[in-house]
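Notes for the one structure printed next.
There are 2 protein chains.
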Amino acid sequence: METIISSAKQTVVIGPDHPTRIIGERINPTGRKKFAAAILEGKLEVVRDEAIAQVEAGADILDVNVGAAGADEAALMPEAAKLIMAAVDVPLCFDSPNPKALGAGLAVYGGKALINSVNGEEKSLDAVLPLAAAHKAAVIGLCMDDDGIPGTAEGRLRVAEKIVERAGKLGIGPEDILIDPLVLTVSADSKAGLLTMETIRLIKAKLGVNMTMGASNISFGLPNRPVINANFLTMAILLGINAPISNPLKEKETVLVADLLLGRDEFAMNYITYFRAHQA
Amino acid sequence: METIISSAKQTVVIGPDHPTRIIGERINPTGRKKFAAAILEGKLEVVRDEAIAQVEAGADILDVNVGAAGADEAALMPEAAKLIMAAVDVPLCFDSPNPKALGAGLAVYGGKALINSVNGEEKSLDAVLPLAAAHKAAVIGLCMDDDGIPGTAEGRLRVAEKIVERAGKLGIGPEDILIDPLVLTVSADSKAGLLTMETIRLIKAKLGVNMTMGASNISFGLPNRPVINANFLTMAILLGINAPISNPLKEKETVLVADLLLGRDEFAMNYITYFRAHQA
Numbered sequence: 357m358e359t360i361i362s363s364a365k366q367t368v369v370i371g372p373d374h375p376t377r378i379i380g381e382r383i384n385p386t387g388r389k390k391f392a393a394a395i396l397e398g399k400l401e402v403v404r405d406e407a408i409a410q411v412e413a414g415a416d417i418l419d420v421n422v423g424a425a426g427a428d429e430a431a432l433m434p435e436a437a438k439l440i441m442a443a444v445d446v447p448l449c450f451d452s453p454n455p456k457a458l459g460a461g462l463a464v465y466g467g468k469a470l471i472n473s474v475n476g477e478e479k480s481l482d483a484v485l486p487l488a489a490a491h492k493a494a495v496i497g498l499c500m501d502d503d504g505i506p507g508t509a510e511g512r513l514r515v516a517e518k519i520v521e522r523a524g525k526l527g528i529g530p531e532d533i534l535i536d537p538l539v540l541t542v543s544a545d546s547k548a549g550l551l552t553m554e555t556i557r558l559i560k561a562k563l564g565v566n567m568t569m570g571a572s573n574i575s576f577g578l579p580n581r582p583v584i585n586a587n588f589l590t591m592a593i594l595l596g597i598n599a600p601i602s603n604p605l606k607e608k609e610t611v612l613v614a615d616l617l618l619g620r621d622e623f624a625m626n627y628i629t630y631f632r633a634h635q636a
Numbered sequence: 357m358e359t360i361i362s363s364a365k366q367t368v369v370i371g372p373d374h375p376t377r378i379i380g381e382r383i384n385p386t387g388r389k390k391f392a393a394a395i396l397e398g399k400l401e402v403v404r405d406e407a408i409a410q411v412e413a414g415a416d417i418l419d420v421n422v423g424a425a426g427a428d429e430a431a432l433m434p435e436a437a438k439l440i441m442a443a444v445d446v447p448l449c450f451d452s453p454n455p456k457a458l459g460a461g462l463a464v465y466g467g468k469a470l471i472n473s474v475n476g477e478e479k480s481l482d483a484v485l486p487l488a489a490a491h492k493a494a495v496i497g498l499c500m501d502d503d504g505i506p507g508t509a510e511g512r513l514r515v516a517e518k519i520v521e522r523a524g525k526l527g528i529g530p531e532d533i534l535i536d537p538l539v540l541t542v543s544a545d546s547k548a549g550l551l552t553m554e555t556i557r558l559i560k561a562k563l564g565v566n567m568t569m570g571a572s573n574i575s576f577g578l579p580n581r582p583v584i585n586a587n588f589l590t591m592a593i594l595l596g597i598n599a600p601i602s603n604p605l606k607e608k609e610t611v612l613v614a615d616l617l618l619g620r621d622e623f624a625m626n627y628i629t630y631f632r633a634h635q636a
């Protein structure tokens, strides 16, 4: 199954026979005071700078989240999108819990966007899937619903199935859905990593959809988080995550090595090219 | 299935419900001129020093290879073993292509040793398995035979089956065999990593035996080898390698993180303890 995302200038294909695609996560004010303050002051150059830095580091798609506390997301999202589209060529992923902000971003976008995200809650399904259908966008589906995040892989699969089914009724095929199995921290529950991995296995086997994931929750509360995140990302890619949401400035090498080991990098060309560029 | 290895002072259990056990690889003159020269001169302190350093770094078992070119392995192996047993408590893995050297090491050993290795060649089966049976040792079985290293996972499985069957005839049960799927370099064949991983999956599914592997061949000829080796080790542990042969001074953290992510480290105690000790 192939998921196709595009900007006016680039097309990105996500699928098991393609290299892993990084959705750059850094345009996001969560936990970043200076970045949030700049957004609130309308200084959107910070967004453009993060866009450029991430594409240079190897991001294939950029997540765009302007949800600083108190921000008018519906006004900021299209402004941010225009600035990013003028600066870089990669496709965008509009990231907001606010459907108006998603709609405003999609309205100015030139290409087939990704939406982050819908989940199994009725309210979310009703608000986000029609937007995806209207704009012919692909959408990230989170494995949680009105009852929270299921504590079993089967429970998470059922949410994914519900999202795929409901999307289908609006003409959105499974190829336009990236399922996120969700990750909780292993320091609170030593089986949390296993549960996410079992969920990936099950969803790949049963639905065959492409999958995304943010790895970093896994290491919350533990020392030396980047090492844990990188190893978890490696395992997740092996199991079937093919478009992780991550920081390309830190994790591009991990992704390239995973693809090299998984036979997706003939003559190790991508790996060697990257290594040489970053040795200079 | 549990593989039990012991010294006079320690017992190590290898199995899917246990933490990954590291077989320390550094007592080996291959590619190390100074170490080889010291062995040839009878200066076995280098062996003792490597033993101590590896155990401090977290090795659970020590591989002992004294096969410097021109060395009298059958004389050196028992001397090295005695020196190591006096210095550290962990069990040993006698590593030689020379059955006399293996036998000489086993003869002075106090415990249940591991032998590295037998393979599917008739000559190897005939020479090594009787030694394992006589000394009640466990043995590493390499997936290669008189025709070389099979180019398919099924072919490697057949060699593993042959080793298990022939061992069984001498009273050596599958619990006393660690199968090594073998690793070739991904720079020569981009599918080499995938083939090893598919072999691990297949052998775990069909034979259920415990497995070992040296990861480092995977990165031969490529830059930044430790990163490739660590990522491959992570994938291999996820798939079922539970007693890798590796350098604990470099790869203990990778192994601890893999176990943490695989739910084998309650409250992250092993990881945090290691991290604190290595931060001081």
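Heads up: the protein sequence lines correspond to chains A and B, in order. Quick note on this note's numbering: the first sequence kicks off at 357 and runs consecutively. Quick note on this note's numbering: the second sequence kicks off at 357 and runs consecutively. The C-beta atom is built at its ideal place from N, Cα and C for all residues, glycine as well. Note that the structure is predicted; figures quoted are calculated from it, not measured.
Other residues of its chain near residue i: CB distance less than 6 Å, five sequence neighbours each side excluded
| i | result |
| --- | --- |
| A509 of chain A | E554, T555, L558 |
| G414 of chain A | P604, K608 |
| D503 of chain B | none |
| C499 of chain B | R512, V515, A516, P537, L538 |
| L617 of chain A | none |
| A430 of chain B | K456, A457, A460 |
DSSP three-state assignment for residue i, whether helix, strand or coil
| i | result |
| --- | --- |
| A614 of chain B | helix |
| G497 of chain A | strand |
| S575 of chain A | helix |
| L396 of chain B | helix |
| E381 of chain B | coil |
| I361 of chain B | strand |
| V583 of chain B | helix |
| N454 of chain A | coil |
| T590 of chain A | helix |
| N626 of chain B | helix |
| I528 of chain A | coil |
| S602 of chain B | strand |
| H634 of chain A | helix |
| R512 of chain B | helix |
| D482 of chain B | helix |
| G461 of chain A | helix |
| D405 of chain B | helix |
| A442 of chain A | helix |
| A427 of chain A | coil |
| T541 of chain B | coil |
| R557 of chain A | helix |
In DSSP terms, what residue i is bridged to
| i | result |
| --- | --- |
| N566 of chain B | B:L534 |
| G504 of chain A | A:D501 |
| L448 of chain B | B:L418 |
| T367 of chain A | A:S362 |
| N472 of chain A | A:D451, A:I496 |
Other residues of its chain near residue i: CB distance less than 8 Å, five sequence neighbours each side excluded
| i | result |
| --- | --- |
| A488 of chain A | I471, V474, A494, V495, A523, L526, I528, D532 |
| P434 of chain B | A460, G461, A463, V464 |
| I593 of chain A | T376, P600, V611, A614, D615, L618 |
| K438 of chain A | V464 |
| L297 of chain B | No information on residue 297 of chain B is available, as it lies outside the stretch 357 to 636 that chain B covers here. |
Top-ranked residue by Cα proximity to residue i, from the options
| i | options | result |
| --- | --- | --- |
| L540 of chain B | B:P582, B:A571, B:A409, B:A443 | B:A571 |
| K492 of chain B | B:G467, B:A561, B:G577, B:E401 | B:G467 |
| P453 of chain B | B:V444, B:A425, B:V542, B:A463 | B:A425 |
| A544 of chain A | B:G619, B:M500, B:V402 | B:G619 |
| T376 of chain A | A:A633, A:A431, A:T610 | A:T610 |
| V411 of chain B | B:V444, B:E477, B:L498 | B:V444 |
| G361 of chain B | B:A592, B:L448, B:F391 | First, the amino acid is wrong: residue 361 of chain B is Ile here, not Gly. Nearest of B:A592, B:L448, B:F391 to I361 of chain B, Cα basis: B:L448. |
| E477 of chain B | B:D621, B:E397, B:K518 | B:K518 |
| A624 of chain B | A:A548, A:P506, A:I395, A:A409 | A:A548 |
| D451 of chain B | B:L563, B:V520, B:A469, B:N587 | B:A469 |
| D416 of chain A | A:A442, A:G507, A:N598 | A:N598 |
| F631 of chain A | B:N580, B:P455, B:L396 | B:N580 |
| D428 of chain A | A:A409, A:E397, A:M441, A:F588 | A:E397 |
| D373 of chain B | B:G564, B:T552, B:E521 | B:G564 |
| E521 of chain B | B:V542, B:L589, B:I505, B:G497 | B:G497 |
Contact set for residue i: own chain, Cβ-Cβ below 7 Å, skip 5 residues either direction
| i | result |
| --- | --- |
| I584 of chain B | I574, S575, L578 |
| E406 of chain B | R382, I383 |
| A436 of chain B | L400, V403, V420, V422 |
| T359 of chain A | I370, G371, A494, E531, D532, L534, N566 |
| Y627 of chain A | L612, V613, L616, D621 |
query = Do the segment 477 to 488 of chain A and the segment 365 to 372 of chain A make contact, defined as three or more Cβ pairs closer than 8 Å?
reply = With the rule of 3 Cβ pairs closer than 8 Å, the segment 477 to 488 of chain A does not count as touching the segment 365 to 372 of chain A.
ask   = Taking one C-beta from the segment 586 to 604 of chain B and one from the segment 374 to 385 of chain B each time, how about it: are there three or more such pairs within less than 8 Å?
value = yes
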